[in-house]
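In this note's numbering, the protein residues as written are 265 to 705.
Note that the Cβ used here is the ideal one computed from N, Cα and C, for glycine as well.
The model shown is predicted, which means the values in this text are computed figures rather than measured ones.
These notes are about the structure you will find just below.
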């Protein structure tokens with residue numbers, strides 16, 4: 265039902281409906297014009313016939329002769345097809361004695377039970393010597409004409425409209441299938457799957473095919489650019505990791521030789537932060553490369569999250585936070601247990617680090633992991649920006665961190681087919697990761 269609903273909403277279907285409506289309107293106008301012209305022509309022909317009949321009846325030019333001619337015709341004429349009536353000094357003579365409408369030429373329904381007159385007629389009345397002569401012809405021809413036009417309308421215009429509508433429906437269905445494929449590919453690209461491409465489109469090329477080809481070219485260029493950027497980031501992090509570690513070792517030796525120098529302690533702490541940043545960059549690069557998928561196995565979210573809550577409870581108490589855990593039918597998903605643990609760790613560290621002492625709620629509902637705090641939160645305009653690598657809010661620059669925590673969470677979520685959502689906890693921040701349950705064991 266939804267598929268056909270999508271078909272009816274496509275541009276080809278709407279254009280087809282408009283063309284069908286235009287065809288029906290033009291056809292009705294043409295039929296109306298033809299009917300009016302034919303009706304006028306038929307009425308003119310009947311009027312000519314009636315004028316000839318009046319001419320024959322008034323050939324004598326005398327009232328007595330006209331009355332006699334009318335009596336003769338009335339005696340032999342079928343009232344269903346022809347009526348004659350002469351209204352003179354001696355009264356009405358003819359095969360119809362009922363009332364007559366006003367006018368020279370007109371169509372009217374006459375009824376005279378005595379003379380078996382009942383039906384529609386075309387009447388022509390002319391002043392003649394001694395009175396008025398009225399001649400009428402049955403209007404059966406107009407009924408036949410109406411029936412002919414109705415048949416033409418039913419067996420010509422309506423089937424044509426239905427055929428055009430059916431053809432438009434088939435074309436629109438084909439367009440809807442292509443549009444659905446394009447929308448699905450765009451959704452995958454928007455979700456970060458830059459390897460997504462449109463499936464082959466059967467049939468001749470059209471504008472949708474050209475749009476699809478353009479999307480594929482754009483996706484290929486974006487994928488190549490992103491791959492190059494990831495490779496450069498990974499190469500830089502990998503190449504600098506060894507010298508930074510050596511520098512860290514040298515600082516440790518210097519601290520051992522001069523334990524009283526506080527500056528060396530601070531330098532060593534900064535070096536540990538740099539090492540952690542590069543390790544996080546390397547980990548994100550590995551995750552985006554998809555290599556951890558080879559280690560995927562069933563992971564029960566309930567026990568995993570409960571373990572992480574137990575590990576962080578002492579740190580939460582020490583910082584003045586109260587950590588609560590809620591499990592509601594936790595699901596089992598396929599994934600890397602270590603990376604999923606890292607995801608929960610980063611969420612809890614962010615909540616404890618960037619909020620004053622307050623309640624922090626960790627929960628699992630089905631396949632959704634949520635961490636909510638009562639801290640300052642993240643403005644809605646910044647919620648997409650904080651997922652970028654090394655991005656930090658202005659108020660967070662004075663606190664420890666590298667700006668990679670949520671980037672790593674987002675990368676792990678996407679690797680597992682999940683979706684990261686940042687929302688307002690009123691007050692505070694509510695971070696939810698909803699995993700895909702379709703591939704659950």
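For residue i and residue j, what's the separation of their Cα atoms in angstroms?
i: residue 412; j: residue 370; result: 23 Å
i: residue 485; j: residue 684; result: 26 Å
i: residue 356; j: residue 397; result: 10 Å
i: residue 572; j: residue 442; result: 46 Å
i: residue 483; j: residue 457; result: 9 Å
i: residue 342; j: residue 279; result: 56 Å
i: residue 390; j: residue 405; result: 23 Å
i: residue 593; j: residue 566; result: 8 Å
i: residue 575; j: residue 516; result: 28 Å
i: residue 677; j: residue 287; result: 54 Å
i: residue 454; j: residue 696; result: 19 Å
i: residue 312; j: residue 354; result: 28 Å
i: residue 460; j: residue 481; result: 11 Å
i: residue 621; j: residue 584; result: 5 Å
i: residue 691; j: residue 646; result: 16 Å
i: residue 531; j: residue 488; result: 38 Å
i: residue 340; j: residue 419; result: 41 Å
i: residue 349; j: residue 324; result: 16 Å
i: residue 416; j: residue 434; result: 27 Å
i: residue 304; j: residue 329; result: 33 Å
i: residue 520; j: residue 623; result: 41 Å
Once you ignore the five residues that flank residue i on each side, which residues in its own chain have a CB closer than 6 Å to its CB?
i: residue 627; result: 590 and 634
i: residue 659; result: Residue placement at residue 659 is poorly supported in this model, since its pLDDT is 44, which falls under 50; the coordinates still yield a value, given next. Counting only Cβ-Cβ distances below 6 Å, and skipping sequence neighbours, we find nothing.
i: residue 699; result: 597, 631, 680 and 682
i: residue 299; result: 413
i: residue 619; result: 637 and 639
i: residue 345; result: 402
i: residue 625; result: 588 and 636
Could you tell me which residues DSSP puts in a beta bridge with residue i?
i: residue 676; result: DSSP output for residue 676 lists no bridge partner at all.
i: residue 348; result: 399
i: residue 634; result: 627 and 696
i: residue 390; result: 397
i: residue 371; result: 386
i: residue 683; result: 698
i: residue 596; result: 564
i: residue 376; result: 381
i: residue 516; result: According to DSSP, which records beta bridges pairwise, residue 516 is partnered with nothing at all.
i: residue 688; result: 693
Since residue i and residue j should fall inside the 8 Å C-beta cutoff, what is the C-beta to C-beta distance between them, to a whole number of angstroms?
i: residue 425; j: residue 290; result: That belief does not hold up - the Cβ atoms of residue 425 and residue 290 are roughly 11 Å apart, past 8 Å.
i: residue 559; j: residue 600; result: 5 Å
i: residue 564; j: residue 602; result: Not really, about 14 Å apart at Cβ, beyond 8 Å.
i: residue 672; j: residue 610; result: 6 Å
i: residue 476; j: residue 427; result: Not a contact, Cβ separation roughly 30 Å.
i: residue 393; j: residue 326; result: 6 Å
i: residue 386; j: residue 321; result: Going by Cβ atoms, the distance from residue 386 to residue 321 rounds to 17 Å, so no, they are not a contact pair.
i: residue 337; j: residue 362; result: Between residue 362 and residue 337 the Cβ distance is about 18 Å, and since that is not below 8 Å, they are no contact.
i: residue 351; j: residue 395; result: 5 Å
i: residue 384; j: residue 399; result: That pair is no contact at about 15 Å.
i: residue 614; j: residue 670; result: 7 Å
Please list, in chain order, all residues of the same chain as residue i whose beta carbon is under 8 Å from its beta carbon, the five residues on each side excluded.
i: residue 577; result: 587
i: residue 688; result: 641, 644 and 694
i: residue 579; result: 616
i: residue 281; result: 429 and 432
i: residue 368; result: 388, 389 and 390
i: residue 450; result: 479
i: residue 570; result: 589 and 591
Which same chain residues end up closer than 7 Å to residue i when comparing Cβ atoms and leaving out the 5 residues on each side of it in sequence?
i: residue 302; result: 409
i: residue 463; result: 445
i: residue 335; result: 357
Starting from residue i, trace the beta strand (DSSP E) in both directions and tell me its first and last residue.
i: residue 587; result: 586-592
i: residue 443; result: It is not in any beta strand (DSSP E) - residue 443 instead sits in the alpha helix (DSSP H) that spans 422-454.
Please list the terminal residues of the continuous alpha helix (DSSP H) segment that includes residue i.
i: residue 358; result: Premise fails: residue 358 lies in the beta strand (DSSP E), 355-358, not in any alpha helix (DSSP H).
i: residue 327; result: 327-340
i: residue 579; result: 565-582
i: residue 412; result: 404-416
i: residue 559; result: Residue 559 -> no alpha helix (DSSP H), and no H or E assigned at all.
i: residue 322; result: Neither: residue 322 is in no alpha helix (DSSP H) and is coded neither H nor E.
i: residue 602; result: 601-617
Quick one: does residue i have its CB under 7 Å from some CB of chain B?
i: residue 387; result: Among the protein chains of the structure shown there is no chain B, as only one such chain exists.
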